[in-house]
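Peer 1: Take this structure, written in structure tokens, and hold onto it; I'll ask about it next.
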Amino acid sequence: MTTSKIGAVCVVGGGIGGMQAALDLANADFRVYLVESKPSIGGVMAQLDKTFPTNDCAMCTEAPRLVEVARHPNIRLLAFSEVEKVEGQAGRYSITVRRKCSFVDPDKCTGCGICAQHCPAGAIDAYNEKLASRRAVYLSFPQAIPRVFTLDQSVCVGCGLCKNVCGPKAIDYQLADKTETIEVGAVILAPGFELFDANNAGEIGYGRYPNVVSSLEYERIMSASGPFRGHVMRPSDGKEPKRIAFVQCVGSRDTQNNHCSSVCCMYATKHSLMTREHIHDAECSVFYIDMRAFSKGFEAYYERAKQAGVQYIRCRPSSFKDVPGTGDIQVRYNLSGKTEEKVFDLVVLSCGLSPNARVRELAGKFDVKLDDRGFCEWDLFTPVQSSREGVFICGPFAEPKDIPETVMQASAAAGEAAALLSEKRGELVTTKEFPPERDVRGEEARIGVFVCHCGTNIGGVVDVKGVAEYAATLPNVVYAGNFLYSCSTDTQEIIKQLIKEHNLNRVIVSACTPRTHEPLFQNTLREGGLNPFLFEMANIRDQCSWVHMNEPQLATKKSRDLVRMAVAKARLIEPLSAGSKAIFRDALVIGGGVAGLTAALGLADQGFVTHLVEKSDRLGGKLRRIGHLLDGTPTAPRLAELEARVLRHGRIKLYLNAEVKEVKGALGSFVSTVKTADGQAHTVEHAAIIVATGAEEWTPDSFLYGQNPAVMTQLEAGEQIGSGRFDNKTVVMIQCVGSRDEKHPYCSRICCQSAVKHALELKKRNPETQIYVLYRELRAYGHRERYYKQAREAGVMFLRFPDDRYPTVAAGANGGLRIETRDDFLGMDVAIDADFVFLSAAVEAPAQNSGLGQMMKIALNEHKFFLEAHMKLRPIDFATDGVFLAGLAHYPKTVDETISQAMGAVARASTILSKEALPLSPIVSRILDVNCDGCAYCVDPCPYKAITLVEYMYQGAVKKTVQVDETVCKGCGTCMATCPKGGCVVSGFKTDQLQAMLQAALEPG
Amino acid sequence: MSDYEPKIVAFCCNWCAYAGADLAGTSRIQYPPNVRIIRVMCSGMVHPNLIIDALTKGADGAMVCG
Chain Z
-11 MTTSKIGAVC VVGGGIGGMQ AALDLANADF RVYLVESKPS IGGVMAQLDK TFPTNDCAMC
49 TEAPRLVEVA RHPNIRLLAF SEVEKVEGQA GRYSITVRRK CSFVDPDKCT GCGICAQHCP
109 AGAIDAYNEK LASRRAVYLS FPQAIPRVFT LDQSVCVGCG LCKNVCGPKA IDYQLADKTE
169 TIEVGAVILA PGFELFDANN AGEIGYGRYP NVVSSLEYER IMSASGPFRG HVMRPSDGKE
229 PKRIAFVQCV GSRDTQNNHC SSVCCMYATK HSLMTREHIH DAECSVFYID MRAFSKGFEA
289 YYERAKQAGV QYIRCRPSSF KDVPGTGDIQ VRYNLSGKTE EKVFDLVVLS CGLSPNARVR
349 ELAGKFDVKL DDRGFCEWDL FTPVQSSREG VFICGPFAEP KDIPETVMQA SAAAGEAAAL
409 LSEKRGELVT TKEFPPERDV RGEEARIGVF VCHCGTNIGG VVDVKGVAEY AATLPNVVYA
469 GNFLYSCSTD TQEIIKQLIK EHNLNRVIVS ACTPRTHEPL FQNTLREGGL NPFLFEMANI
529 RDQCSWVHMN EPQLATKKSR DLVRMAVAKA RLIEPLSAGS KAIFRDALVI GGGVAGLTAA
589 LGLADQGFVT HLVEKSDRLG GKLRRIGHLL DGTPTAPRLA ELEARVLRHG RIKLYLNAEV
649 KEVKGALGSF VSTVKTADGQ AHTVEHAAII VATGAEEWTP DSFLYGQNPA VMTQLEAGEQ
709 IGSGRFDNKT VVMIQCVGSR DEKHPYCSRI CCQSAVKHAL ELKKRNPETQ IYVLYRELRA
769 YGHRERYYKQ AREAGVMFLR FPDDRYPTVA AGANGGLRIE TRDDFLGMDV AIDADFVFLS
829 AAVEAPAQNS GLGQMMKIAL NEHKFFLEAH MKLRPIDFAT DGVFLAGLAH YPKTVDETIS
889 QAMGAVARAS TILSKEALPL SPIVSRILDV NCDGCAYCVD PCPYKAITLV EYMYQGAVKK
949 TVQVDETVCK GCGTCMATCP KGGCVVSGFK TDQLQAMLQA ALEPG
Chain U
784 MSDYEPKIVA FCCNWCAYAG ADLAGTSRIQ YPPNVRIIRV MCSGMVHPNL IIDALTKGAD
844 GAMVCG
């Protein structure tokens, strides 16, 4: 029996990973069910104050994602739900989901919050890490999606007040759990992590001393939306802490938890820097083992913290005691053999990332294997594949990782799910049919104004009826009315009816924010036969009733003003049509290393013709020089398989000895020239680009490299391990050769694990081989910590040298080498006679990146690695649409990380490639040629490079003008503000429209 | 002058400052009702003439927030 696949995917977990996977799949025309166990999506990121290393506000960057998920027509959000049962196999799963009862009907709740204002029962606020209280009926946080209140049964007293005050009658105590079954073809598990429970580290005083807090508690303490409104105070007495200790590796790198949590070093650095922004004279001390600043921008962030005066103390404190009567904590620690004591006002525990407590249950239901610690099992070559076919994984479920790594993996998982179900793409996506739009051109404006009470949210402060009566007096307003809930389903029917009845050709809803509600009302306009852009909103809730609650008269006056301003603009707005642009279907992948091979195969497997350009005569890139991965997996068979698949794949066109010489056009319509060694130029038309150009090992200029053949780089050494040349000899490895110095002031990330890997390989071949690893910081993040431990257990000696005293290598006796170093722990000078020296040389960006960057209009960072669109949430995208990034071109990374990013790039690119045409936004800049004299003032300021100067013949003379590429323009209007002659206008935000609003704002109301 | 109330016009970027005003709303942060917000797609689209207009037509202050 052949079972047909289902073009839908179930994503379990609504954190940043789950959301990314859901969006990538939904944008690639798959149906997505996003199952989240909590009442709202957003995961742990929603609780964070800022994110490292940019100190961006976490919620500010995440909130648009929340809204995007909520609005996406292809995503069905099943919040407050649990997976109950899983049946079927890859391609066809039947999943039973239990929708937990919140006693609030999500279809009726408008999220107004009246219930919470009246609820007399208090509860502990888990979102604020138990540092604040909330009501029994609650919304987790102000931006929560879905915007539906939840009644917490465990604390509800059943008084019925909320039920009585709820306008839309959404609260019903009789509601009960429901189950439903969803049919999907694949599953992505993104259950995330749980912060290590510091109660299990009682020796540090957590739970006994109120001023010992967990890192997540400290996030909330610092957050402007937190329990102390962003004023940093300590819990016991509200005192502003001046001396703060951050204790690293709580629940990481110990006997119980044999992983490194990957994120704590940087978040403690962030906590220290942010603390000093709040309290300028705060003394921050970070107690740590190794400072693992291994990723992009981390080393500079760490340096910045040191310069800002953050003290890094390399030791694990031995005891924590309270200083009676003060709330302070005395920390005792041992530094260079000397016991020291220091008193702190507050101790913050950098708690590690532990597997989610309920992950075993979840894994059981899906029958996926976990390792002994509870992380999901996976293979270094297939980093998002679980042990069960059709079930993919991402994020800290697999290994502790930070936000961008999670986002990359989430995209990768989406790409793999899409590949499995590619023939069913678009099958379960429904497009809505609307009645034809009425042509309103030439008509005088007939404006309808709908003023919303929003229950009592607006009506309780603003005289809504009075505002509606006032609106009726304004020019061109032919209808004005007030409604209890303008967003309710029945009001939409009324609006449509009134559009017809009064022949309205403009609609204003005076209610809440267009950022959440505009699409809903625009949809109503379309159903009512009007162009959706004949719509305006006056935000009298967020800008009047909610922020001027104690001044009802002034709030009402301001509401009248806002309505008047909206009317003034509405009189001038025009129907806008978005249109679309047909696009090419092919993709271009630059670079034939493991990233490029993975990307090309991923795209081709999904049905897209892919042009793969490799500058050398062979595929494989650096992977060809790497014998084994960290877990001992040999690379050759896998590389051979990748290469063979690429060579025989009908949809991959391979160009060897080739370079991309020119890239023209933009997203969806690139035209590139690929030049091959035979001098031939090939023109390639493609919709997207994946840049996978890799990086190089730097050639060391010291430690006798190039002078003594026994001194080699790690990459060179790796190629020779199999020869047995090093067996039973003494090998010294020197870390950070050319990294974290003036030449390359960043961490090269892969060298510590390469050293550990080579050490383990050598010890496995011959346990008698003597190995010394001389390092500054051993950055064995994530599961790499386990291998670091294995290496130490196998007798590999790890000796730390001080940052300012690198070891020296000189010719020794009997033709050997003598290495002199200082052991920082023992405080002693050490000399080692060795046979070989392996230098962990820096990874550097190839010089040609600058040229490639210019050609594709993509940015580089200060070290010439390509710069992604956003360091946290868009790690695969470029700011230039249609161009994606994978592998070492982005930053040094390991093979599994490279594969993840390449798979992710496939998913990101396929959101474009899966489209026949690109929908364009109508809110773009348009050029009024009559006003344009071709001065080109607008060309350079355009942040999207969307404007080009052109010439044409007009009445026998050359006329200069500019053209806007509507596929690139984002409607920011910088051109409009720059143009001295009114030649650029942004549709929907024309200067005269803004002027009319301004004029109306200043009129006496 | 005791009853003097300034009129302030704020051009707010849809993606950040306007969202900030929304957040002030959902967080119920109370502030004086003297400001009138005009939503723009980016603070970059606010032509200098709009600021001059605002000030010459009676605004006591103009803010570009983005």
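Going down the list, the sequences are from chains Z and U.
Under our numbering, the first residue of the first sequence carries the number -11, and numbering increases by one thereafter.
Under our numbering, the first residue of the second sequence carries the number 784, and numbering increases by one thereafter.
Ideal placement from N, C-alpha and C gives every residue a C-beta, glycine not left out.
Can you tell me whether R612 (chain Z) is helix, strand or coil according to DSSP?
Peer 2: helix
Peer 1: Going straight from the alpha carbon of L861 (chain Z) to that of V395 (chain Z), what length do you get?
Peer 2: 7 Å
Peer 1: By how many angstroms is the C-alpha of K88 (chain Z) removed from the C-alpha of S142 (chain Z)?
Peer 2: 14 Å
Peer 1: Is D812 (chain Z) closer than 8 Å to F789 (chain Z) when the C-beta atoms are compared?
Peer 2: yes
Peer 1: Using the beta-carbon of each residue, which ones in chain Z are nearer than 7 Å to I820 (chain U)?
Peer 2: Q531
Peer 1: Which residues in chain U sit within 7 Å of G959 (chain Z), going by Cβ to Cβ distance?
Peer 2: M824
Peer 1: May I have the straight-line CA-CA distance separating A14 (chain Z) from E171 (chain Z), to the nearest angstrom?
Peer 2: 16 Å
Peer 1: Please decide whether D805 (chain U) counts as near chain Z, where near means a Cβ-Cβ distance under 8 Å.
Peer 2: Closer than 8 Å to some Cβ of chain Z, the Cβ of D805 (chain U) qualifies, so yes.
Peer 1: From which residue to which residue does the beta strand (DSSP E) around M816 (chain Z) run?
Peer 2: 816 to 822
Peer 1: Give the range of the alpha helix (DSSP H) segment to which C963 (chain Z) is assigned.
Peer 2: 962 to 966
Peer 1: Find the residues of chain Z that neighbour M828 (chain U), judging by a C-beta separation of less than 7 Å, and give them in chain order.
Peer 2: C960, G961, T962, M964, A965, V974, F977
Peer 1: Taking three-plus beta-carbon pairs below 8 Å as touching, is the stretch 151 to 162 of chain Z in contact with the stretch 201 to 211 of chain Z?
Peer 2: Contact fails: fewer than three Cβ-Cβ distances are below 8 Å.
Peer 1: Looking only at DSSP bridge pairs, what is T570 (chain Z) linked to?
Peer 2: The sequence as given places Ala at residue 570 (chain Z); Thr does not occur at that position. Its beta-bridge partners are Z:A905.
Peer 1: Taking its Cβ as the centre, do 16 or more other Cβ atoms sit within 10 Å of M(-11) (chain Z), making it buried, or is it exposed?
Peer 2: Because M(-11) (chain Z) carries a pLDDT of 44, less than 50, the predicted location of this residue cannot be relied on, and the following value inherits that uncertainty. For M(-11) (chain Z), the number of other beta carbons within 10 angstroms of its own is below 16, and it is reported as exposed.
Peer 1: In the DSSP assignment, what are the bridge partners of V20 (chain Z)?
Peer 2: According to DSSP, which records beta bridges pairwise, V20 (chain Z) is partnered with Z:V(-3), Z:I63.
Peer 1: In the DSSP assignment, find the beta strand (DSSP E) that holds H674 (chain Z) and state where it starts and stops.
Peer 2: 669 to 674
Peer 1: Take the Cβ of S121 (chain Z) as the centre, count every other Cβ of all protein chains shown within 10 Å, and call the residue buried at 16 or more, exposed below.
Peer 2: exposed
Peer 1: Please tell me whether C930 (chain Z) and T949 (chain Z) are closer than 8 Å, where the distance is taken between their beta carbons.
Peer 2: no
Peer 1: Check K412 (chain Z) in the structure and name its three-state DSSP category.
Peer 2: helix
Peer 1: Give a yes or no on whether 8 Å exceeds the smallest Cβ distance from L838 (chain U) to chain Z.
Peer 2: no
Peer 1: If the cut is a Cβ gap below 7 Å, which residues of chain Z does G808 (chain U) touch?
Peer 2: In chain order: R529, D530, Q531, W534, V535.
Peer 1: What did DSSP end up calling R302 (chain Z) once you bin it into helix, strand or coil?
Peer 2: strand
Peer 1: Residues in the same chain with beta-carbon distance under 7 Å from A293 (chain Z), minus the five sequence neighbours each way, listed in chain order, please.
Peer 2: T257, S260, L261
Peer 1: Do D821 (chain Z) and E808 (chain Z) count as a contact pair if the criterion is CB distance below 8 Å?
Peer 2: no
Peer 1: Would you mind sorting A768 (chain Z) into buried or exposed? The rule is 16 or more other CB atoms within 10 Å of its CB.
Peer 2: buried
Peer 1: If you scan the stretch 485 to 530 of chain Z from start to end, which runs of the beta strand (DSSP E) of 3 or more residues do you find wholly inside it?
Peer 2: Here the runs fully enclosed are 494 to 498, 523 to 526.
Peer 1: Strictly under 8 Å for the Cβ-Cβ distance: is D549 (chain Z) near chain U by that measure?
Peer 2: yes
Peer 1: Can at least three beta-carbon pairs, one atom from the stretch 564 to 573 of chain Z and one from the stretch 458 to 477 of chain Z, be found at a separation below 8 Å?
Peer 2: no
Peer 1: Please state the DSSP three-state secondary structure of H858 (chain Z).
Peer 2: Correct three-state label for H858 (chain Z): strand.
Peer 1: From T479 (chain Z) to K641 (chain Z), what distance separates their C-alpha atoms?
Peer 2: 55 Å
Peer 1: Thinking C-beta only, is V582 (chain Z) closer than 8 Å to I159 (chain Z)?
Peer 2: no
Peer 1: Measure the alpha-carbon distance for G803 (chain Z) versus N716 (chain Z) and round it to whole angstroms.
Peer 2: 17 Å
Peer 1: Counting contacts by CB-CB distance shorter than 8 Å, is E191 (chain Z) in contact with chain U?
Peer 2: no
Peer 1: Does the structure place the stretch 102 to 118 of chain Z close enough to the stretch 129 to 145 of chain Z that three or more beta carbon pairs sit under 8 Å?
Peer 2: yes
Peer 1: At 9 Å on the CB atoms, spell out the chain Z contacts of Y801 (chain U), in chain order.
Peer 2: T501, P502, R503, N527
Peer 1: Please list, in chain order, the chain Z residues whose beta carbon lies closer than 7 Å to that of Y814 (chain U).
Peer 2: The contacting residues are V535.
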